[in-house]
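Protein chains in written order, with our numbering: chain Z, 21 to 467; chain G, 21 to 467; chain H, 21 to 467.
First comes the structure, then the notes that go with it.
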Amino acid sequence: MIDHGKRDLVSIEDLSTAEILELFHHADEFRANLTAWTDLCRGTIMATLFFEPSTRTRLSFESAMLRLGGGVITAADEKNTSRSKGESLADTVRVVGGSYADILVVRHPEDGAARVAARYARVPVINGGDGAHEHPTQTLCDLYTLWKEKGRLEGLEVVLCGDLRYSRTIHSFCYALARFGANIVTMPYPGFELPDYVLHRLRRDFGVQTAAASVGDLPGIAGSSNAAAYLTASKPHQLALFTNLTNVEVNRIDAIYMTRAQRERHAGEETSNYPRLSRSTLGAAAAKDARIMHPLPRVDEIDYDIDDDPRSIYFRQAELGVPMRMALMAYLLGKIQLRAARPAALAVMPGIAAGAGLRCRNERCITNNEGVRYLTRDFRLREAESPPVLSCAYCEREIEARFVGHVQSHIVHRYNAAEARRIKPENRVYFESEAQAQAAGFTCQGG
Amino acid sequence: MIDHGKRDLVSIEDLSTAEILELFHHADEFRANLTAWTDLCRGTIMATLFFEPSTRTRLSFESAMLRLGGGVITAADEKNTSRSKGESLADTVRVVGGSYADILVVRHPEDGAARVAARYARVPVINGGDGAHEHPTQTLCDLYTLWKEKGRLEGLEVVLCGDLRYSRTIHSFCYALARFGANIVTMPYPGFELPDYVLHRLRRDFGVQTAAASVGDLPGIAGSSNAAAYLTASKPHQLALFTNLTNVEVNRIDAIYMTRAQRERHAGEETSNYPRLSRSTLGAAAAKDARIMHPLPRVDEIDYDIDDDPRSIYFRQAELGVPMRMALMAYLLGKIQLRAARPAALAVMPGIAAGAGLRCRNERCITNNEGVRYLTRDFRLREAESPPVLSCAYCEREIEARFVGHVQSHIVHRYNAAEARRIKPENRVYFESEAQAQAAGFTCQGG
Amino acid sequence: MIDHGKRDLVSIEDLSTAEILELFHHADEFRANLTAWTDLCRGTIMATLFFEPSTRTRLSFESAMLRLGGGVITAADEKNTSRSKGESLADTVRVVGGSYADILVVRHPEDGAARVAARYARVPVINGGDGAHEHPTQTLCDLYTLWKEKGRLEGLEVVLCGDLRYSRTIHSFCYALARFGANIVTMPYPGFELPDYVLHRLRRDFGVQTAAASVGDLPGIAGSSNAAAYLTASKPHQLALFTNLTNVEVNRIDAIYMTRAQRERHAGEETSNYPRLSRSTLGAAAAKDARIMHPLPRVDEIDYDIDDDPRSIYFRQAELGVPMRMALMAYLLGKIQLRAARPAALAVMPGIAAGAGLRCRNERCITNNEGVRYLTRDFRLREAESPPVLSCAYCEREIEARFVGHVQSHIVHRYNAAEARRIKPENRVYFESEAQAQAAGFTCQGG
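Written out as structure tokens, the structure reads:
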């Protein structure tokens, strides 16, 4: 793998907050006259490589590229073609990103697949959804729509409703809302709450504090409001309004973000009383200025008879996706420049730890599936934490490294032992457990 | 639903006769140099949304758009993607017709689906075939080809041969031939005659009179000629030639339009002696100046050894489809203007009758299938008929409204009772039967 | 069928050696700035008609056409659409090559299908792979890559490794290498040797001589080196180096061309010890300046850890495919001219022999499958051989014509009888056997 000096969008974290805001303004410009930009990317080609079908996302990208004047080549259902002959994702993106295309959009069922594509392709890669990991352009479009509707993101009160457990869209959106200083009210369908690892990351990365919440009467989702929680980031915005965070009363809702039950990821859970937004929901006092959002496709969770209500903006989200993706692609292709700085990169800790036995604990991670034949198991290290945390360089699932060994002596210590701290960083090998260390041929001391 | 002030082509009736003729002349211009028009629609995007596969129709539209300089996005087999997550056609066209595309071509297995798409999309919609309902661009291309070959349509003698029962192409073509004053000879494969509702509509809308016909010897289709019928429109052209319409002898055939057995719509009918055109058919005296037409794909009903006969124009039909579709799309996109007037719109009678129990009797209609969750059952009213006729606003299947009630008193009368006629039009509710009225909570009087 | 006066690429033989070399230089020009050619083919449309899926080949062609500024229409999986209604390949290419597209790329599972497409379409047809017959653009790209790497083709030492039996890519490559005067070392996986008919054709058409070979130690493929054979063309280059062709020792390898096991064509053969190139292979002295080639997709036969070795050029092969295909299409579309002469055409002997009972013996040939309904069985005659050889005009499989009859007298003789030679060429009818002649109503004499 070579550093190709190019930009990818694998995670929403790959863009700085300032870059995102600047892209919004470019999207506004594109949107002002959608058909006027056919000279901007003339001669460039985008390839959509979809190993999992998704017409909506694919067509949005393809429309954006055509509106920029570029060409499009499409593999809409890759899992049934070259892959059936056994080709790896790494090989596919090296071929298609060789001379076929100048930018790739990849959708894949395995967590972390987009990072693999980005590493191996020598052209920019955009994540069009990789398993339960991320779907960053959906998040960009959601943020852009809300920003246009409300003129800002900081301090907004956003209700997330429905299946908060299995929706990668919701998870990415949570991180982004926290980053921009919006407050989140979770109103999950019982049993479909935000996963602990999402809450943990919200706390750690954005200082999010959680409290019980009451939202008054929101008919249609009231059944789940007993479990309402209020998530507010302590930074960057100050908690001026909420001195007491034991039970927050939300009287003004800026947006209700509804999601369908992600049945394709369920293990047969019951969803018979799933919440359903209707005229009566919109009649609630708190919803007076709310915007109704949905990533689409909807099933039954929003009544058709509120489609014409001006507060219903789910089709607008889809509409704004095209100019937003135009801005993103024009940027990654170097056709527009931004003044904003990039995000700081976290150091990637390569290889040796993996060689000693560490593996990602996410069974859907590409390192445990398609990539097992050829991928090196890399982790990003957060050594300041206690115990140190290693997050998979592909799917970002975290594991705690409670034991540290020396690459040459093959002696292992607890992470917080003085001997552990004396090992030079470049000689450290990490383990989750003594058993794992022993299996890798290391000897434990001070156990 | 909002009136977007745009033109669609759902039914061939959506274009006036004068518009069609003017489009032929534009198609001629496009055809004169197919590759010279790439500036006309630059910047615009066509989406093909095919919920039922059809390579031929799809590629013809895509070629037409590319030759106009526009872009193309394609969902070639939609039934296996977003739809599997439960998305409605109405939502799909609102998303794709939002900012993704400037014109939509929709093919769908349910009758009336194209009208649903046209109502919900805010950009022009072209029907690429909706169930057994219509396939209007095929009809346009057929008419255009015949018009070019013969220099006119009025007064032509056109033989329709084969499966006349299940072919929507044939039905649309019949209406159009009658409208342009051509005469039709039906030579169906036994058991596959034109359905009664097609004959009824031909009589009512175009004054078509029917007679037995003899066509002399047409080898290959002679077996079915016993059942030959002659259909001639009393308007717009005068029956100068035929004073006695009991048994018309056809000595000059201008075109033989052959169709394959539509096996995918059959209920296991036998087709072993299906007619087959060959050199001997073309050798018949009456066929001397005939043109052999076929909508393609053919199976075995036309011998390969007449492909090179100059009278065989089925590949020409396909060839002319591209310039014809270029003209149509350029028109709907506002890139060319016509002097001809639009057709007069039939008033749509919305809602209340449906609320009282009326439903379309066509079980393949989208209102009884995909749309049952969200569509309002609308009907177009032909009150002048006796009894009044309501035709489904989506699939155009007709039902007779033998009972009329009052929306407030909930009292129902026979349609031809004096009391019925006294109900103000805006207060009328229609029913097919007393039982239906009673089920809707109405009381019958004078029964 | 009409002679449309156009050029096709069905077999690599359809291009002369001089044309190929000139196309290489054009490909170099296109490659120098891939995005600068969008005016060259503006307004033209390429259709990819794939009756067998292949994302890689399809996307390479589509990228090439878009980079030339043309448009693309795609039927990526035709076997599931119109074909299910029973349409023939001949009809499909006549429709799509009518006005839809200006050039066709056809991939089809039956041997000889590309020739059928070329005969019926009135626009240029490129073979994108037809069964086990040919895949000429893959060969062009392979030759181009090797030529760029080594500066020449004549006299190169090329090792072919793996499944040499079922790979059409290997067969086409062999003929082309022989034609350009390269030497071939075959190192097949046991049981997967080059078929006899390939060796026969190499001998006859290029004067190739075969000898046992030793290649020293090539770890990873050593297991198969016992069976190594050395193939060298006696023309056009002189065997200056090899006076003794009993056992050639190869000390310098210019390229190792590895192929995957073509499992989809196997009859359950064992491939557990399939050769595998790795660092140790590249460490061999003879491989010092070798290039590692592979048509891709690979399965396990090349280790990922040699991907970054500068001698590994398999991704470069894919990369160079786009400019090579740009040059080819620009040429066939008349957008660039070559000074080189075309290859001499072999006369096609049409029809009557076939009418008398001859059929192609290749059961995968399109004349025995899809085309049985409509194709005339044509053969190309090589009368100078003894017995005369007839090669199928579609799939090129050869049969020996041991008996010759007279079209009018219906009397048959052995091919080498004096009476046979007295029959005028235009009256000759060929048979494989007496039985075949008798079945066709001919009488044998001198038997």
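Here a beta-carbon is modelled for each residue, glycine too, at the ideal position from N, C-alpha and C.
Can you confirm whether residue i, when its beta carbon is compared against all beta carbons of chain H, has any partner nearer than 8 Å?
{"i": "Z:R87", "result": "no"}
{"i": "Z:R127", "result": "no"}
{"i": "Z:T75", "result": "no"}
{"i": "G:Y164", "result": "no"}
{"i": "Z:E107", "result": "yes"}
Quick check: is the beta carbon of residue i nearer than 8 Å to any beta carbon in chain G?
{"i": "Z:A47", "result": "no"}
{"i": "Z:R318", "result": "yes"}
{"i": "H:W414", "result": "Reading the sequence as shown, one finds Tyr at residue 414 of chain H and not Trp. Chain G, which has no Cβ nearer than 8 Å to the Cβ of H:Y414, makes this no."}
{"i": "Z:F212", "result": "no"}
Considering only heavy atoms of the ligand NAP, does any lie closer than 7 Å to the CB of residue i?
{"i": "H:D97", "result": "Absent from the structure shown: the ligand NAP. Ligands present: none."}
Give me the Cα-Cα distance between residue i and residue j, rounded to the nearest whole angstrom.
{"i": "Z:V424", "j": "Z:V432", "result": "5 Å"}
{"i": "H:A361", "j": "H:F226", "result": "20 Å"}
{"i": "Z:I40", "j": "Z:P363", "result": "11 Å"}
{"i": "H:S102", "j": "H:T112", "result": "In this prediction, H:S102 has a pLDDT of 46, which is less than 50 and means its spatial position is unreliable; what the coordinates show is noted afterwards. Rounded to whole angstroms, H:S102 to H:T112 spans 8 Å at the Cα level."}
{"i": "H:G89", "j": "Z:G89", "result": "11 Å"}
{"i": "G:R27", "j": "G:Y217", "result": "27 Å"}
{"i": "G:N382", "j": "G:H153", "result": "11 Å"}
{"i": "Z:Y294", "j": "Z:E321", "result": "7 Å"}
{"i": "H:R331", "j": "H:L173", "result": "17 Å"}
{"i": "Z:L35", "j": "H:R311", "result": "40 Å"}
{"i": "G:R87", "j": "H:Y351", "result": "21 Å"}
{"i": "Z:R221", "j": "Z:M349", "result": "29 Å"}
{"i": "H:I495", "j": "H:D325", "result": "Examination of residue 495 of chain H is not possible in this model, given that chain H is present from 21 through 467 alone."}
{"i": "G:D97", "j": "Z:T189", "result": "25 Å"}
{"i": "H:A248", "j": "G:P315", "result": "57 Å"}
{"i": "G:G288", "j": "G:A281", "result": "11 Å"}
{"i": "G:A459", "j": "G:V205", "result": "45 Å"}
Smallest Cα separation from residue i: which of the options?
{"i": "G:L69", "options": "G:W57, G:A304, G:A121, G:G89", "result": "G:A121"}
{"i": "G:S254", "options": "G:D97, G:A231, G:S31", "result": "G:A231"}
{"i": "G:A95", "options": "G:Q158, G:S108, G:G391, G:V116", "result": "G:V116"}
{"i": "G:I468", "options": "G:T165, G:V30, G:V145", "result": "Absent from the structure is residue 468 of chain G, since the part of chain G shown begins at 21 and ends at 467."}
{"i": "G:A307", "options": "G:D329, G:V143, G:P210", "result": "G:D329"}
{"i": "G:L251", "options": "G:G236, G:V270, G:L401", "result": "G:V270"}
{"i": "G:A455", "options": "G:T463, G:V449, G:R448", "result": "G:T463"}
Helix, strand or coil for residue i, going by three-state DSSP, please let me know.
{"i": "G:H128", "result": "strand"}
{"i": "G:A231", "result": "strand"}
{"i": "G:H433", "result": "strand"}
{"i": "G:N147", "result": "strand"}
{"i": "Z:P73", "result": "coil"}
{"i": "Z:R397", "result": "coil"}
{"i": "H:I204", "result": "strand"}
Please confirm whether residue i has its beta-carbon closer than 8 Å to some beta-carbon of chain Z.
{"i": "G:T55", "result": "no"}
{"i": "G:S429", "result": "no"}
{"i": "G:G391", "result": "no"}
{"i": "G:G371", "result": "A caution first: G:G371 carries a pLDDT of 49, below 50, which makes its placement in the model unreliable, though a value can still be read off. No, G:G371 does not count as interfacial toward chain Z."}
{"i": "G:A95", "result": "yes"}
{"i": "H:T396", "result": "no"}
Item to check | Three or more C-beta pairs below 8 Å linking the stretch 164-177 of chain G and the stretch 122-135 of chain G | outcome: no
Checklist entry - Does the stretch 341-360 of chain Z come close enough to the stretch 41-49 of chain Z that 3 or more CB-CB pairs lie under 8 Å? => result yes
Next on the checklist: Taking 8 Å as the cut-off, does the stretch 265-285 of chain H touch the stretch 175-182 of chain H (at least 3 CB pairs, one atom from each stretch)?
Outcome noted: Contact between the stretch 175-182 of chain H and the stretch 265-285 of chain H is present, with at least three C-beta pairs closer than 8 Å.
Item to check | Three or more C-beta pairs below 8 Å linking the stretch 60-78 of chain G and the stretch 377-388 of chain G | outcome: no
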